[in-house]
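So for the sequence shown, my numbering puts the first residue at 36; every next one is plus one. By construction, the Cβ of each residue, glycine as well, lies at the ideal position given by its N, Cα and C atoms. Here the structure is laid out as structure tokens; the discussion comes afterwards.
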Amino acid sequence: MDIQTVVSTIIVMGLMIATGSLFALKVNVTSEVKSVLILLILNIAVPAVILNGVFSVDLTGDALAEAGLIFGISIIYHIGALVFVKILTVLLKIRSMFGKKMMILGALGNTGFLGIPLAATIFGPAGGFLAAIFDAGLSLTVYTVVIYLLQAEGKFHIRQLKAVINMPVLSIVIGMIVALSGFKPPGMMVQFVEMLAALAAPMAMLYVGMLLPPLVKRGKKVLFPMLWFPVTVRLLVIPLIVMFILSLFSFTGWTAQLIVLQTAMPAAMITAVLFSKFTSEEETAIVTIFASTLLSLVTIPFIAWLLI
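Shown next, in the form of structure tokens:
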């Protein structure tokens, strides 16, 4: 992995966030505008990144085995991260429901919205594809374990799994079917998907930037005393532990680097949606997402430097 590529990518992403913020200062960004952007990113741009990865990778037996390994690692990682952060909240005596929120914010990273475009930029189409496989593990964990933890009655319903059926996941399934069938898409289709895939990172960063001005205007009112906990755990503690564990198993190479960088992503955007639906503290998630996203512009290059 070229550290200069990582640093330059992060700098460009930071500039895009700043551009989105400047735009939001001049234009009233309504909830409808935000919804449209999210739909475009998650239903068009990110699926295009996934399909672009599939079209660019020869999914032979080895490649399929690697994808399966990444998915298995993702499931183990996300459940392990939840357990690890839960232990930390108990040791720090963070109260029950608030402790659950800190656990979720500290354990879950933005592996889809930011992780997939970043991986595709740094590692190429194959990186974007494997990052999508890793994110699928997050999705499965979120819509089962995490929702179970957040629901007041603490009951799991099979209907919650419907949320796992989304465009990124469907794109993985479709891509795998196309690859296994041996179908070669025409050049025009490949070019079309490549152009759409190029929209993912810019649109994601612009969206993040658009959400920043309202928080800045409110100043210290949006901050909470324990903000340092999920941010530090998410950006530094967990990726360093994952790096150490992978080294124990002699798991090296660019796929190991991709996994570590995915674990270093800022707090997941989905937490804001979940907190809004199941709790009364959506703002806690939004503030954590912003703080961790901005700080990740520094911590991600640092983690990448350690991986060299």
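Annotated three-state conformation of Gly162 is helix, per DSSP.
Ranked by how close their Cα comes to the Cα of Met223, the residues Phe169, Leu231, Gly217 have Leu231 in first place. Non-local C-beta neighbours of Pro220 in its own chain, meaning closer than 7 Å and more than five positions away in sequence, comprise Phe90, ordered along the chain. Linking Val333 to Ser327 through their CA atoms gives a straight-line distance of about 10 Å. Of the residues assessed, Ala100 falls on the exposed side of the cut-off, its CB having fewer than 16 other CB atoms within 10 angstroms.
Per DSSP, the unbroken alpha helix (DSSP H) holding Lys135 starts and ends at 131 to 142. Around Leu275, the same chain offers no residue with a beta carbon nearer than 6 Å, after the five sequence neighbours per side are excluded. The C-alpha of Val62 is placed about 15 Å away from the C-alpha of Val243. Per the coordinates, the alpha-carbon of Lys121 lies some 15 Å from the alpha-carbon of Val177.
Three or more beta-carbon pairs drawn from the stretch 282 to 302 and the stretch 135 to 155 are found closer than 8 Å, and the two stretches are therefore classed as touching. It is roughly 17 Å from the alpha-carbon of Gly115 to the alpha-carbon of Leu126. Taking the CA atoms as reference points, Ser216 sits about 10 Å from Gly210.
At a Cβ-Cβ threshold of 9 Å, Leu247 and Gly55 count as neighbours. A direct Cα-Cα distance of roughly 22 Å separates Val277 from Ala161.
For Ala302, DSSP records a beta bridge to Gly144. Asn87 is positioned such that its CB atom lies closer than 9 Å to that of Val225. Counting along the chain, no alpha helix (DSSP H) covers Lys128, and no H or E run does either. In the assembly as shown, Thr44 is a buried residue. Its beta-carbon has 16 or more other beta-carbons within 10 Å. In the displayed model, Val120 falls within a helix according to three-state DSSP. Annotated as proximal: Leu234 and Ala83, with beta-carbon spacing under 9 Å. In terms of CA proximity to Gly172, Leu104 leads the group Arg130, Thr124, Leu104. Counting other Cβ atoms within 10 Å of its Cβ, Arg269 reaches 16 or more and is therefore classed as buried. Boundaries cannot be given for Phe218, as no alpha helix (DSSP H) includes it and DSSP labels it neither H nor E.
Ala239 and Phe286 have their C-alpha atoms roughly 31 Å apart. Under the three-state reduction of DSSP, Phe259 is assigned to coil, being neither helix nor strand.
In the structure shown, the three-state DSSP call for Thr65 is coil. Following the DSSP letters along the chain, one finds Phe284 in no alpha helix (DSSP H), marked with neither H nor E.
According to the DSSP assignment, Ala232 belongs to the alpha helix (DSSP H) that extends over 222 to 232. The beta carbon of Val71 is closer than 8 Å to none in its chain, skipping five residues each way along the sequence. Sorting Ala166, Pro237, Gly134, Ile212 by C-alpha distance to the C-alpha of Ala80 places Pro237 at the top.
Ranked by how close their Cα comes to the Cα of Leu185, the residues Ser66, Ile338, Met132 have Met132 in first place. Its Cα nearest to that of Ala154, the residue Val41 stands out among Val41, Leu281, Leu341, Leu329.
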